[in-house]
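Residue numbers (the UniProt record's numbering): 1 to 304.
Since the structure comes first, as structure tokens, the remarks are kept for the end.
Written out as structure tokens, the structure reads:
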């Protein structure tokens with residue numbers, strides 16, 4: 001079709017086979033009730049609202065066929081719906097022993113409204129000085145493959161799966177009740193809870209605390225006169241420690257002091273009279289005390 005009064009030149013003809021009737025400038029933002037802006041579509045629109053060729057995707061985020069559910073924006077359908085998974089990752093140490101790692105227990109939050117992920121590390125009282133709290137802020141996370149344009153989705157998160165976020169490999173071991181029911185309704189099987197591996201650092205700290213001796217406490221049943229009477233009384237024993245089985249070992253002369261007032265023991269090394277070394281500071285000593293020395297009492301001596 002062309003205008004008869006104009007010459008047949010480029011620009012003076014109209015092509016009716018364009019396949020669209022809207023040619024206005026498109027936009028991604030729109031307004032809902034009371035002027036609240038929101039993103040209308042995830043894909044980038046072109047002229048007339050048609051998605052650009054580079055932003056078109058054949059992947060459908062929903063497991064349902066199109067047309068079986070009411071078309072509502074995901075930010076409205078899944079508002080405040082969050083999938084929560086318990087997970088952990090291992091931090092390698094430079095130590096050459098077998099227990100050269102630390103177990104960090106975390107929670108992974110997957111927000112259904114926009115597919116974003118947040119990772120929060122749980123506080124461990126035995127991990128003093130180590131990071132805790134939010135270690136990965138809420139965002140969409142790409143696959144670790146170099147040059148990948150795809151993001152982690154709901155199908156990637158399940159008990160027993162390993163996911164890598166920014167160089168950290170997380171193992172999912174459990175989820176909350178809402179997450180389990182939500183995935184089951186989508187036809188996704190959720191395995192049972194997996195055990196959390198034992199943390200060597202926490203285990204060692206617990207053993208130290210169980211062996212820790214309580215602070216010194218004076219016997220409250222003693223009267224003031226009895227306390228003052230025994231305040232300066234102590235039992236002194238001369239002993240030696242034979243350490244010649246070890247390399248560069250020697251025989252050490254020891255002084256074992258027993259304080260009557262609070263039943264505490266103190267051990268001093270008096271081999272060199274010009275330099276007295278405290279082998280054991282004053283404290284209550286258990287009968288089965290883990291100390292790597294053989295002490296032989298040579299002479300017991302009572303001092304008042």
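For each residue, glycine too, the CB sits at the ideal point set by N, CA and C.
Handout entry: Alpha carbon of residue 85 to alpha carbon of residue 191, nearest angstrom
Key = 12 Å
Practice task
Out of 92, 257, 240 and 262, point me to the one whose CA is closest to residue 271's CA.
Solution key: 240
Practice task
Could you name each continuous alpha helix (DSSP H) segment of 4 residues or more that falls completely within the segment 135 to 206, going from the start of the chain to the end?
Solution key: 177 to 185
Exercise for the section: Give me the Cα-Cα distance between residue 56 and residue 81, rounded to the nearest whole angstrom. Expected result: Residue confidence is low: residue 56 scores 49 on pLDDT, short of 50, so the model does not pin down where it sits. No coordinate-derived value is stated.
Exercise for the section: Output the distance between the C-alpha atoms of residue 138 and residue 164, rounded to the nearest integer angstrom. Expected result: 15 Å
Problem - Neighbourhood of residue 83 by C-beta, 6 Å cutoff - its chain only, sequence neighbours within 5 removed - result: 110 and 179
Practice task
Quick one: using the 10 Å Cβ neighbour count with 16 as the cut-off for buried, is residue 77 buried or exposed?
Solution key: exposed
Problem - Paired residues, beta bridge with residue 87 - DSSP - result: 106 and 172
Exercise for the section: Sort 100, 253 and 248 by Cα distance to residue 278 and report the nearest one. Expected result: 253
Practice task
Have a look at residue 132 and residue 204 and give me their C-alpha separation to the nearest angstrom.
Solution key: 20 Å
Exercise for the section: Could you tell me if residue 87 is buried or exposed, where buried requires 16 or more neighbouring beta carbons within 10 angstroms of its beta carbon? Expected result: buried
Practice task
For residue 136, collect the residues of the same chain with a Cβ closer than 8 Å to its Cβ; drop the 5 residues on either side in sequence, then sort them by chain order.
Solution key: 117, 118, 119, 165 and 166
Practice task
Leaving out five residues on either side along the sequence, give the residues of the same chain with a beta carbon under 7 Å from the beta carbon of residue 141.
Solution key: 117, 151, 152 and 165
Problem - Under 7 Å between C-beta atoms of residue 236 and residue 208 - result: no
Problem - Sequence-distant residues of the same chain with beta carbon closer than 6 Å to residue 193, five excluded per side - result: 174
Exercise for the section: Could you tell me which residues DSSP puts in a beta bridge with residue 250? Expected result: Residue 250 is not bridged to any residue.
Handout entry: Nonlocal neighbours in the same chain, by C-beta distance under 6 Å from residue 106, ignoring five residues either side
Key = 87, 119 and 121
Practice task
Evaluate residue 157 with the Cβ neighbour count: other Cβ atoms within 10 Å of its Cβ, from every protein chain shown; 16 or more gives buried, anything less gives exposed.
Solution key: buried
Problem - C-alpha gap between residue 183 and residue 126, whole angstroms - result: 34 Å
Practice task
Taking the CB atoms as reference points, tell me whether residue 266 and residue 282 lie closer together than 7 Å.
Solution key: yes
Practice task
May I ask which residues mark the beginning and end of the beta strand (DSSP E) holding residue 120?
Solution key: 116 to 121
Practice task
Give the straight-line distance between the Cα atoms of residue 176 and residue 201, rounded to the nearest whole angstrom.
Solution key: 27 Å
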